[in-house]
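To start, the structure itself, in structure tokens.
Number of protein chains: 2
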Amino acid sequence: MHYPNGKRNNGINQLYAGNYPKKFSNRGMTLEKDINTTNKFYKDTNKAVIHKKPTPVQIVNVHYPKRSAAVITEGYFKQPSTTDYNGIYRGRHIDFEAKETRNKTRFPLSNIHHHQISHMKSIEAHGGIVFLIIRFSTYDETYYLPAASFFPYWDEQFNDGKKSIPYGAIKEKGYLIPFHFQARVDYLSIIDQLYF
Amino acid sequence: MHYPNGKRNNGINQLYAGNYPKKFSNRGMTLEKDINTTNKFYKDTNKAVIHKKPTPVQIVNVHYPKRSAAVITEGYFKQPSTTDYNGIYRGRHIDFEAKETRNKTRFPLSNIHHHQISHMKSIEAHGGIVFLIIRFSTYDETYYLPAASFFPYWDEQFNDGKKSIPYGAIKEKGYLIPFHFQARVDYLSIIDQLYF
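Structure, rendered in structure tokens:
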């Protein structure tokens, strides 16, 4: 953990950026940006090929001006039917979803859609490596939670009505993902431990 | 090949739809629709999980009307940096690009982008199954061309200036993909032959 005080401070930077020295300000990145940086590093070093899927958009109207690029003038966001990230690592298919929360005690399930879960279950059944990356931004802790540990919470919510996973359970069943300067969310190090 | 005369007639239907009986008209589908139907069938029968990636869009302006969905009012098409399709089959990572041409003698390389080729080469190096699906719509023939057979043509164009692959070469190095009513482009049958 390359921090002077041994602590990361993304969330705090975002809230109180003015109180921190300028040189820390680029650490106030979102989880998505951190993962994109990590994936680029994995690709550049030929470690893995993992991409974020584009945001699905329903395109309704496109304008074609002369001599310049087509402009989408009416479009709508569609609900994704798969996870956001997939690719290949050491010959294995990788598939995951990433979410961050400012909640200090639980991870709300409301950010995940039913068909994303179906997708994750199918990929796992077909032999893929499937997981969630969950960041508690106030603690600046990012966890790797195997899909198999996540599914029971998802399925139970329809019985017990609990629409979230306690922070403690994620701490217990998940793996804290180490931070490195270039691999900011170094989730492949966890996959190495678990699968290879 | 479930056709009265043993031939598919997609391309012909599209050109001369009025001359053909109504009941054939739904065969005038594009390659993309045929592949989507096939992937849905693979998924529904739990054979494989393969999806088309959403079209990448650069979103510039979004309008948030009260009480209704957000509207993208300005967006632009971005060049894709990966192939259009990927997923998992029998534990293996699958990655492919699909293109159709009305050209009768050659497949023009201009439809494929340089970074898509880099992507395919990386995926192959990491152990994925990578290929192109190429349809000659006037013959209504759809070929599976292994990426390894495609790369030399791509690389050679910068030496010999030939910006296309002859139809005969694709016929020779590719595999004619069978048509089935539900798996309209049954490319997994070719993968079964080649890999399992």
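Chains as they are written, first to last, in this note's numbering: chain A, 1 to 196; chain B, 1 to 196.
Using N, Cα and C, we set each Cβ at its ideal position, and we do this for glycine too.
Taking 8 angstroms as the threshold (beta carbon to beta carbon), is residue i in contact with chain B?
{"i": "residue 178(A)", "result": "no"}
{"i": "residue 88(A)", "result": "yes"}
{"i": "residue 53(A)", "result": "yes"}
{"i": "residue 77(A)", "result": "yes"}
{"i": "residue 114(A)", "result": "no"}
{"i": "residue 72(A)", "result": "yes"}
{"i": "residue 82(A)", "result": "yes"}
{"i": "residue 185(A)", "result": "no"}
{"i": "residue 98(A)", "result": "no"}
{"i": "residue 48(A)", "result": "yes"}
{"i": "residue 28(A)", "result": "Any answer about residue 28(A) is weak, because its pLDDT of 46 lies below 50 and its placement is not dependable; what the coordinates show is given next. By this cut-off, residue 28(A) is not an interface position."}
{"i": "residue 36(A)", "result": "no"}
Cβ of residue i less than 8 angstroms from any chain A Cβ?
{"i": "residue 134(B)", "result": "no"}
{"i": "residue 56(B)", "result": "yes"}
{"i": "residue 123(B)", "result": "yes"}
{"i": "residue 128(B)", "result": "yes"}
{"i": "residue 69(B)", "result": "yes"}
{"i": "residue 195(B)", "result": "no"}
Since residue i and residue j should fall inside the 8 angstroms C-beta cutoff, what is the C-beta to C-beta distance between them, to a whole number of angstroms?
{"i": "residue 156(A)", "j": "residue 163(A)", "result": "Incorrect: roughly 10 angstroms between the Cβ atoms, too far for contact."}
{"i": "residue 144(A)", "j": "residue 131(A)", "result": "6 angstroms"}
{"i": "residue 76(A)", "j": "residue 71(B)", "result": "7 angstroms"}
{"i": "residue 128(B)", "j": "residue 117(A)", "result": "Contact flag wrong, Cβ pair sits at about 25 angstroms."}
{"i": "residue 36(A)", "j": "residue 86(B)", "result": "Incorrect: roughly 18 angstroms between the Cβ atoms, too far for contact."}
Could you check if residue i is buried or exposed, using at least 16 other CB atoms within 10 Å of its CB as the buried criterion?
{"i": "residue 148(A)", "result": "exposed"}
{"i": "residue 115(A)", "result": "exposed"}
{"i": "residue 195(A)", "result": "exposed"}
{"i": "residue 92(B)", "result": "buried"}
{"i": "residue 63(A)", "result": "exposed"}
{"i": "residue 26(A)", "result": "Residue placement at residue 26(A) cannot be trusted, given a pLDDT of 40 that sits under 50; the coordinates are not used to answer."}
{"i": "residue 141(B)", "result": "buried"}
{"i": "residue 82(B)", "result": "buried"}
{"i": "residue 181(A)", "result": "exposed"}
{"i": "residue 158(B)", "result": "exposed"}
{"i": "residue 172(B)", "result": "exposed"}
{"i": "residue 192(B)", "result": "exposed"}
{"i": "residue 10(B)", "result": "Low confidence applies here, because residue 10(B) scores a pLDDT of 38, under 50, leaving its location unreliable and the question unanswered by this model."}
Please list, in chain order, the chain D residues whose beta carbon lies closer than 7 angstroms to that of residue i.
{"i": "residue 93(B)", "result": "Among the chains of the structure shown, chain D does not appear; the protein chains present are A and B."}
Output needed for residue i: all residues of its chain with C-beta closer than 6 angstroms, excluding positions within five of it in sequence on either side, in chain order.
{"i": "residue 61(A)", "result": "73 and 74"}
{"i": "residue 105(B)", "result": "167"}
{"i": "residue 183(B)", "result": "38 and 41"}
{"i": "residue 95(A)", "result": "83, 86, 123, 128 and 130"}
{"i": "residue 146(A)", "result": "131"}
{"i": "residue 31(A)", "result": "98, 100 and 135"}
{"i": "residue 120(A)", "result": "130 and 147"}
Report yes if the CB atom of residue i is closer than 8 angstroms to the CB atom of residue j, and no otherwise.
{"i": "residue 137(B)", "j": "residue 100(B)", "result": "yes"}
{"i": "residue 170(A)", "j": "residue 134(A)", "result": "yes"}
{"i": "residue 122(B)", "j": "residue 49(A)", "result": "yes"}
{"i": "residue 165(A)", "j": "residue 175(A)", "result": "no"}
{"i": "residue 53(A)", "j": "residue 84(A)", "result": "yes"}
{"i": "residue 188(B)", "j": "residue 47(B)", "result": "yes"}
Closer than 7 angstroms: is that where the CB of residue i sits relative to any heavy atom of the ligand MN?
{"i": "residue 168(B)", "result": "No copy of the ligand MN occurs in the structure displayed, which carries no ligand at all."}
Closer than 7 angstroms by C-beta to residue i: which residues in its own chain qualify, once you throw out the five before and the five after it? Chain order, please.
{"i": "residue 79(A)", "result": "113"}
{"i": "residue 90(B)", "result": "196"}
{"i": "residue 150(A)", "result": "132"}
{"i": "residue 59(B)", "result": "72 and 75"}
Sorted by chain position, which residues of the same chain lie with C-beta nearer than 8 angstroms to residue i's C-beta, five sequence neighbours on each side aside?
{"i": "residue 154(A)", "result": "109, 112 and 117"}
{"i": "residue 160(B)", "result": "none"}
{"i": "residue 51(A)", "result": "39, 85, 86 and 87"}
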